[in-house]
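Trainee:
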Amino acid sequence: MKKTAALLIVFISFAFSLTAAESIIIGFKKVFEPSVMESYAKERGWKSTSRDSLIVSVIEEGGCRDIRPHFSALDIRCVEVPDGINITEKISYFSSLPFVEYAEPNYKRKAGYTPLTGGPDDTYYQNGSQWGYNKIEEDKVYKESLITSGLNRQVIVAVIDTGLRREHSDIIGTTVNGINAIDGSGNVDDDADEGHGTLVTGIIAANTNNGNGIAGAAYSNGSSLIKVMPIKALDEDGFGHDADIYYACVWAADNGAHVINMSFGGSYGGITLQNAVAYAAGKGCVLVASSGNSGINEKIYPAAYSQVISVGASDINDNKANFSTYGKVDLTAPGVGITTTSKNSGYESVDGTSFSAPFVSALAAQVVLLNPGIKEERVRKIMQMSADDIGDPGYDIKTGWGRINAYRALTENPDRAVEMRTYNWPNPFSPDRERNTTITYVLSAPAETVITIYDAAGDVVWKKTVDVSAAYTGYNYVKWDGKTTSGRKAGNGTYFFTVSSGTVRGKNKITVLY
């Protein structure tokens, strides 16, 4: 029987934000042409023409100071711009140099965090206050011992955040060594006012079955096979710069992380951040990020990158949380009234997509643990196809493929996690000229099927249910005349359609062009 908890909450929404930079990221080319280096150095009377020395001299000549010397092995440098100096002019100056790939502001990104005051302190899993674990059926995973010590493997989830309070009694023994991406040290203490990193980590890796506190979503039935790698890249105010996030992603990927959780974001997709994501993805990491807390249709980075699984928030009734940013959402997970570990060694109840993402990261780690050598795209597909559809049938831009279901993801045959083949023709489609566009989908057996068309804002434009008696094994066809359910013409633009039949789903795009 499912347990539920009634919580009186005061919700205050803090949207993700991106603020002005006080420093610059310089991306240097991987290879410097010797002749260019020699000529450049000679013009300025510099003796050494090595790549490293030239970079140092260029930064000094530009009137800036390298504030991340531990980045020396990377292709980027993070430099401080003196007070009173125009950052835009400095970016233009560095960008013009022959051995610089790009220069951009070192933007700050704010953790998507919505605090909840007056939450319960006594938060045992057994008393029902951890409704999210019951909702995604992690209790069944634990009860049936799907994750056991006999697996003799370890999976690492890197949490790039404000750090971690390692001394918390419910986290001791569930982590591996991490790094401070801001200063290059091993000090990952969570000194943030909000303790954001400790809140996120507890959702993934809190000790389970110890008679105390909460149960972590990645718990392993008495043996911690999934551990968190804490990486401090956000400061005490919950802000993080792209340069530090870049270093964090590279370090995590190079030091054994299988999954990377990023519960932060900003509205600008910088080159440095994109390169960080691409590097980790290239190393085979499963990348997970929170979609944002603005409650509107907008792109938040890094969640908006195609290599990243973007996670929205749902409530106890499986509704999309009103603050959950949508548009590019892949999966949904509990994110309202989530009880987790706090930096004061206690527990706290919090709201936000920041706390939805770690549920998905924990499940991704469990899938990796049970399927050695599995590829990232397969992990993603298993979680998508096993999710409980809580929005419109099939994929939708507000809840993605649905709210994750850990038990189904870990017990259903991975080979069933396939996406239905769908397409439509003609495309682009002119209702005045072609009259109809035909949506084609393939079924393995006759079944009731729901076809839904959405506009770019995620609103339903048209919907049709095909009864099992009218369905066929193989190719099936449905025509759309370009009109909404109210009979009005759909305007020019891109529309999204989903086809849902049981647990098998497909999606595609239709372009309407008069």
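Residue numbers (our numbering): 8 to 521. Note that beta-carbon positions come from the ideal geometry of N, C-alpha and C, so glycine has one too. Treat the numbers as computed from the prediction; the structure is a model and nothing was measured.
1) Contact between the segment 94 to 107 and the segment 319 to 338: three or more CB pairs below 8 Å?
2) Taking a contact to mean a Cβ-Cβ separation below 8 Å, would you say A371 touches V266 in this structure?
3) Does DSSP put N141 in a helix, a strand or coil?
4) Can you give me the C-alpha to C-alpha distance between R172 and D197, rounded to a whole angstrom?
5) Report all residues from its chain with a CB closer than 6 Å to the CB of G441; omit the five preceding and five following residues, and keep chain order.
6) Are H346 and Y354 close, meaning C-beta to C-beta below 8 Å?
7) Which residues mark the beginning and the end of the beta strand (DSSP E) in which D358 is found?
8) Using the C-alpha atoms, what's the distance from E96 back to T339?
9) Going by CA-CA distance only, name the one from L450, L206 and S270 that's closest to T348.
10) Return the chain-ordered list of same chain residues with a C-beta closer than 8 Å to the C-beta of G465, the five sequence neighbours on each side being excluded.
11) Using 8 Å as the cut-off, can you tell me whether the segment 212 to 222 makes contact with the segment 243 to 253, which would need three or more C-beta pairs spanning the two stretches below that distance?
12) Excluding five sequence neighbours on each side, which residues of the same chain lie with their C-beta closer than 8 Å to the C-beta of Y502?
13) Using the three-state DSSP reduction, which class does N263 fall into: helix, strand or coil?
14) Got a sec, what are the start and stop residues for the beta strand (DSSP E) A340 sits in?
15) Distance, Cα to Cα, T121 vs G494?
16) Would you kindly work out how many angstroms separate the C-alpha atoms of G344 and N282, rounded to a whole number?
17) Check whether the Cβ atoms of S301 and S317 sit closer than 8 Å, and answer yes or no.
18) Got a sec? Which residues, its chain only, sit under 7 Å from D146 by beta carbon, not counting five neighbours each side?
19) Roughly how many angstroms lie between the CA atoms of G513 and I62, to the nearest whole one?
20) For H175, which three-state DSSP category applies?
21) Suppose you measure from the CA of N184 to the CA of G204; what does that come to, to the nearest Å?
22) Can you name, in chain order, every residue of its own chain whose Cβ lies under 8 Å from the Cβ of E1, other than the five neighbours on each side?
23) Thinking E45 and T56 are a contact (beta carbons under 8 Å), I'd like their distance in whole angstroms, please.
24) Rounded C-beta distance between S508 and L450? I'm assuming under 8 Å.
25) Drop a sphere of 10 angstroms on the beta-carbon of D337, count the other beta-carbons inside from all chains shown, and report buried for 16 or more, exposed for fewer.
26) Which same chain residues, not among the five before or five after K239, have their C-beta less than 6 Å away from its C-beta?
27) Around the Cβ of Q133, are there at least 16 other Cβ atoms within 10 angstroms (buried) or fewer (exposed)?
28) Select from K471, V475 and V485 the residue whose C-alpha is nearest the C-alpha of T492.
29) Going by beta-carbon coordinates alone, are N214 and G263 separated by less than 8 Å?
30) Put N113 into one of helix, strand or coil per three-state DSSP.
31) Note the first and the last residue of the continuous alpha helix (DSSP H) segment covering N282.
32) What span of residues does the alpha helix (DSSP H) with L81 cover, start to end?
33) Spatial neighbours of F366 within its chain, please: CB distance less than 7 Å, with the 5 preceding and 5 following residues excluded, ordered by chain position.
34) Classify V38: buried if its beta carbon has 16 or more other beta carbons within 10 angstroms, exposed otherwise.
35) DSSP state of F39, grouped into three classes?
36) Hey, how far is the Cα of E151 from the Cα of Y312?
Mentor: On the basis of the coordinates in this document:
1) no
2) yes
3) helix
4) 5 Å
5) Before going on, a small fix: residue 441 reads as Glu here, not Gly. Excluding sequence neighbours, E441 sits near P433.
6) For the sequence presented, residue 346 should be read as Thr rather than His. Yes, these two residues count as a Cβ contact at 8 Å.
7) Y354 to D358
8) 42 Å
9) L206
10) N304, Y333, G334, D403, I404 and K405
11) no
12) I460, Y461, D462, A463, V468, K516, I517, T518 and V519
13) What sits at residue 263 in the sequence shown is Gly, not Asn. Residue state, collapsed to three classes: coil.
14) L338 to P341
15) A caution first: T121 carries a pLDDT of 45, below 50, which makes its placement in the model too unreliable to give a value.
16) 34 Å
17) no
18) Y140
19) 50 Å
20) coil
21) 15 Å
22) One cannot answer for residue 1 here, as it falls past the ends of the chain, which runs 8 to 521.
23) 5 Å
24) 6 Å
25) buried
26) G170, N187 and V195
27) exposed
28) K471
29) no
30) coil
31) I278 to G289
32) Neither: L81 is in no alpha helix (DSSP H) and is coded neither H nor E.
33) G139, I143, I210, A224, A340, P341 and I411
34) exposed
35) coil
36) 36 Å
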